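Asks: Let me give you the structure first, and then I'll get to my questions.
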Amino acid sequence: MDKSYIEIKNIMQRSHKDTTNKILLYVYYGGHGILENTTKIVLNEDDPMFRYFDLEQKLACLSKLNNNFIAAIFDCCREVIYRGDTRGVGESVDTQKNLTDQNLYVTFGCPPL
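Residues 1 to 113 (the working numbering) make up the sequence shown, in order.
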């Protein structure tokens, strides 16, 4: 998963520098997910270090590059994982997010469990 992300990131970084080229990245994820501040997708990995991929955070980082626009649909369960107090605890979790400081639109098919 990391290798694919790096390839996409390199393409989008080139678009960031080239103002004549714009990219729309459409991401659809259907499967299992967890919610630990952001939505992480669950991979079929034995090693817990590689079991979760923070797709929402990775897309948010890419969306800050100029000339790149990302639309993402997370059609997955989102079991809430609490790992102690962190910033943002107690904030409501919407089924849609529109981050105006980024070129990112994310919608969720299911509410957090």
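C-beta: ideal position from N, C-alpha, C; glycine also.
Bear in mind the structure is a predicted one, so any value in this text is a computation, not a measurement.
Specify the secondary structure class of I81 as computed by DSSP and reduced to three states.
Replies: Of the three classes helix, strand and coil, the one that applies to I81 here is coil, per DSSP.
Asks: Short of 8 Å in beta carbon distance, which residues of its chain neighbour Y29, apart from the five on each side in sequence? Order them along the chain.
Replies: Contacts found: I41, L55, A72, I73, F74, D75, C76.
Asks: Give the straight-line distance between the Cα atoms of N103 and T20, rounded to the nearest whole angstrom.
Replies: So the two alpha carbons sit approximately 17 Å from each other.
Asks: Starting from E36, trace the beta strand (DSSP E) both ways and give me its first and last residue.
Replies: From DSSP, the beta strand (DSSP E) with E36 extends over 33-36.
Asks: Can you give me the Cβ contacts of E128 inside the same chain, cut-off strictly under 7 Å, excluding the 5 residues immediately before and after it?
Replies: In the structure as shown, the chain starts at 1 and stops at 113, and residue 128 therefore has no counterpart that could be examined.
Asks: Using only the alpha-carbon positions, how far apart do L25 and F69 sit?
Replies: Their Cα atoms are separated by approximately 6 Å.
Asks: So, are the CB atoms of F53 and L43 less than 7 Å apart?
Replies: Contact flag set, yes.
Asks: Under three-state DSSP, which class holds C76?
Replies: Residue state, collapsed to three classes: strand.
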